[in-house]
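Using the numbering used here, count along the sequence shown one by one with no gaps and you end on 708.
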Amino acid sequence: MTHGKKLVTSRVKLDPESRQQYLHRYIHRCENDKTEKVKSAEVVKDFRANRLSSANLRLELASDPAGIGFGFGGVEPGTLHAHGQLHEKHSVYYSIGLAGHYLLHVRLRHAAAAVPGSPFALQVLPAPAHASATRLPVSSVSGNVGLEEKVIAGQVIAGSAGSAGSAGSVGSAVEKAIGARVTLRTADKMGNYCIAGGADVRLVCEAKGPVTKVRDNKDGTYLLEWLSMASGTFKSRVTIGGDDVIGSPITFTLISSEPDLSKSVLEGAGLTACIAGIETEISIRFLDQYGNTALPGAKFAFGLAFTKNDKEGTNAARKSTNAELANIEPRPHKGQWEPGDTGVYRILQGERLPFPNSPFQLAVSSGEASATVSQVDGWTKLIKDEKVKYGKGTQADANTLVAGDTLTIRPEIYDQLRNLTVVQEGQLVIRHDLPNGTHALLKYNQQVRGGTTLYDIKHDTAFSGQHEIHVMLGTTPIKGSPVTFAVLPDKPDPEKCKLLQPEDAILLVDRPYASVLRTYDKYGNACVVGGHKFGTRLQLMKQSVHDQTALVPQNHSIEVDDRQDGTYHISVTLAFSCNVKLFVNMDKNLPGAAGELPPVNLNFVKSESDVESNPGSHHDGVNPLDTRPNTAEQGHPLGAFHPSKQGHAEDADEPNPKGTTRSHPEKVISARGSKDTSKSGGESTRRSSSAPSPKVSAQGSKGSS
């Protein structure tokens with residue numbers, strides 16, 4: 004029985020299987036003891052083998068269902084070795100792995116009867132401390148430098164708030180615990196905690212300087228101490244009987260918390276230059292009386308005073324600084340400060356004990372560009388010295404943009420504290436969202452004027468519609484972004500304008516049919532307003548030299564309808580069957596008929612049955628259902644030269660050797676919408692050449708050839 008738990012019964016006979024288990028456990032334990040004695044006598048010790056042996060013993064203890072590791076070695080001489088003789092004394096051999104208090108039952112096996120006095124009170128004590136079963140509680144410890152505990156008096160220990168001249172407490176510091184300490188609890192090879200001292204516990208430190216101490220507490224525990232005047236991190240072995248305990252070597256760190264301000268060093272980039280809005284660091288290296296790096300306590304206060312240089316010069320700034328320091332109150336500081344405005348300052352340390360080289364000359368530059376503070380204020384039109392492009396006074400109107408105009412955008416880039424700053428390469432992104440849904444990146448110009456960096460974005464407009472220009476720092480838009488503006492189309496350009504065929508496939512006489520004129524500027528933008536002046540004319544295509552048909556005011560008419568949206572409906576009415584070409588001249592001032600659009604073929608018939616019965620007869624030399632250019636002998640609608648019929652009436656126009664076109668009056672009858680040179684019918688033709696009205700009739704002059 005142990006700890007009130009009954010392990011065996013006093014009346015039941017022990018079975019052979021349990022007896023064999025106890026016997027084998029005892030034999031194994033004796034063999035382990037012999038092995039350990041042999042290894043302990045060797046000069047070179049195998050620490051791994053010792054730990055393995057101890058592990059085997061602990062496994063025996065864990066394998067016992069009772070948890071005590073009981074082993075029975077038998078009786079000597081017993082019945083077997085007595086040889087029939089009577090022995091007054093018999094020795095019983097047993098082993099117990101778990102220390103504690105037990106009741107030992109001794110019985111005769113065959114009779115299952117207890118011997119007199121059984122059970123016996125038994126106390127099992129732990130064996131001597133063993134390194135393979137002793138474990139360090141921690142892997143590292145720390146403490147303060149020093150060789151003995153003492154009271155430090157008469158030194159500034161941690162500057163605290165106070166009146167001028169007494170900032171920083173002066174007096175006695177509390178007693179400081181020096182060195183690094185840890186308590187080691189030893190155990191025997193079976194894992195039982197030792198309850199008595201006397202073990203050979205030692206500390207081995209390879210570094211020179213640290214002093215080690217081991218104090219035996221006489222209860223199986225030992226206080227381990229490391230002392231040194233030098234701060235740093237060291238390693239030390241912990242041994243029992245020359246063997247390392249579990250967790251050895253241990254790391255110990257010694258630090259200093261009592262700085263000597265007279266030996267401290269103040270340095271860092273924050274003493275000479277910094278960026279507005281960005282915390283800058285000032286490095287203070289504290290040293291103690293031994294020259295070790297010292298860490299000040301939480302009560303340490305650090306103060307800074309700033310004075311901006313002005314016209315009075317350095318001496319005035321220094322006097323002003325001293326005056327400020329006389330009334331400054333120390334405040335806790337982490338060694339960081341944040342400047343607000345750009346400029347040059349002087350820094351003074353506020354402990355009343357100035358550091359060497361104090362005050363320091365400090366230059367504060369602008370900080371990193373901030374998208375939340377930077378801004379852009381719309382756009383400005385760049386006025387060019389040229390003719391008006393589109394409409395009266397449009398170019399002079401600073402609030403109206405026409406395709407081809409140039410606008411400027413000038414973003415103002417600030418840091419977080421609204422100081423003008425410079426962006427990093429690739430940080431300023433200008434994205435242009437065009438009306439067609441595409442995007443483009445714009446470039447900007449960077450100029451420095453009077454020490455200030457300016458940014459200028461110039462953009463030549465080309466697409467009409469609603470535009471957006473996003474000014475971003477990285478991916479974040481600045482204030483005022485996006486900049487929106489609308490671009491109007493430029494004036495119509497002859498090379499871009501289009502004259503379309505009438506929608507009807509068959510054109511009947513005495514009915515008006517409209518050809519649509521769509522106007523575009525030189526950038527391909529569709530014009531959205533009307534009012535453009537252009538001329539129109541009809542050209543009759545002769546079918547033969549005997550064809551005497553002519554265009555007169557009584558047999559045709561041309562009407563122009565301005566839709567006021569950039570499109571014009573040109574209605575043509577013919578009173579007889581014929582094939583004509585409709586010409587539109589967008590700009591009569593251009594040389595060589597450069598303002599004239601490609602003509603449209605119009606083939607008028609009397610009825611649809613005429614086309615179905617004989618699509619190529621009489622004046623219907625071109626199939627009205629086919630609007631493609633005709634290359635037949637009846638005459639090319641575009642006036643192409645036919646080499647086999649040169650000089651015949653079928654050819655509407657004849658090219659001359661210089662490549663131009665020479666008209667034959669006897670073969671082509673024209674009814675021009677522009678001013679005619681004939682005397683009769685001139686009024687109607689002049690009206691057609693002026694600005695189109697919703698309904699204007701342009702009649703060919705009577706008797707024109």
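We put the CB at the ideal spot given by N, CA and C, even for glycine.
The structure presented is a predicted model; accordingly, all values stated were derived computationally and were not measured.
| Asked | Found |
| --- | --- |
| Per DSSP, L581 forms a beta bridge with which residues? | It should be noted that the sequence gives Cys, not Leu, for residue 581. Answer is F607, bridged to C581. |
| Output the distance between the C-alpha atoms of A529 and L502, rounded to the nearest integer angstrom. | 13 Å |
| Taking just the CA atoms, how far does A597 sit from P480? | 48 Å |
| To which residues of the same chain is T224 closer than 6 Å at the C-beta, ignoring the five residues directly before and after it? | T186 and R188 |
| Roughly how many angstroms separate the alpha carbons of E91 and A115, rounded to a whole number? | 20 Å |
| When we look at the beta-carbon of K536 and count the other beta-carbons within 10 Å, is it buried (16 or more) or exposed? | exposed |
| Report the three-state DSSP secondary structure of Y225 (helix, strand or coil). | strand |
| Report the three-state DSSP secondary structure of K238 (helix, strand or coil). | strand |
| Mind checking A272: buried by the 16 CB within 10 Å criterion, or exposed? | exposed |
| Among F586, Q449, I198 and D613, which residue has its Cα nearest to the Cα of A132? | I198 |
| Nearest by alpha-carbon distance to G245: which of Y523, L431, S574 and V204 is it? | V204 |
| Drop a sphere of 10 angstroms on the beta-carbon of V159, count the other beta-carbons inside from all chains shown, and report buried for 16 or more, exposed for fewer. | Confidence at V159 is low in this model, with a pLDDT of 31, below 50, so its placement is unreliable and the value that follows should be read with caution. Result: buried. |
| Taking DSSP's pairing of strands, which residues face F75 in a bridge? | Y97 |
| Just curious, the beta strand (DSSP E) that S135 is in, first and last residue? | Note, S135: premise wrong, no beta strand (DSSP E); not H, not E. |
| Hey, could you find the ends of the beta strand (DSSP E) L257 is sitting in? | I253 to I258 |
| Pick from D222, M544, Y105 and H442: whose alpha carbon is nearest that of L125? | Y105 |
| Can you tell which of C208, V241, S251 and G250 has the C-alpha that lies nearest to the C-alpha of S231? | C208 |
| In three-state terms, what does DSSP make of Q378? | strand |
| Going by other Cβ atoms of all chains shown within 10 Å of its Cβ, with 16 needed for buried, is G194 buried or exposed? | buried |
| Measure the beta-carbon distance from I433 to V379 and round it to whole angstroms, keeping in mind my assumption that it falls under 8 Å. | That pair is no contact at about 10 Å. |
| For R566, name the three-state secondary structure that DSSP assigns. | coil |
| Assign D463 to one of two classes, buried (16 or more other C-beta atoms within 10 Å of its C-beta) or exposed (fewer than that). | exposed |
| So V144 and A183 are supposed to be a Cβ contact under 8 Å. How far apart are they, rounded? | 4 Å |
| Measure the CB-CB distance between F73 and Y97 and report whether it falls below 8 Å. | yes |
| I need the boundaries of the beta strand (DSSP E) containing T403, first residue and last residue. | Here T403 belongs to no beta strand (DSSP E), and DSSP marks it neither H nor E. |
| If you count every other CB in all the chains shown that lies within 10 Å of the CB of N558, and 16 or more means buried, which is it? | buried |
| Can you tell me the Cα-Cα spacing of R2 and R240, whole angstroms? | The question about residue 2 has no answer, for the chain in this structure spans 4 to 708. |
| Give the DSSP-derived three-state secondary structure of P480 in the structure shown. | strand |
| Count the other CB atoms within 10 Å of the CB of S484; is the residue buried (16 or more) or exposed (fewer)? | buried |
| Need the endpoints of the beta strand (DSSP E) that G103 sits in, please. | G103 to L107 |
| Just grab the DSSP bridge partners of G182 for me. | N147 |
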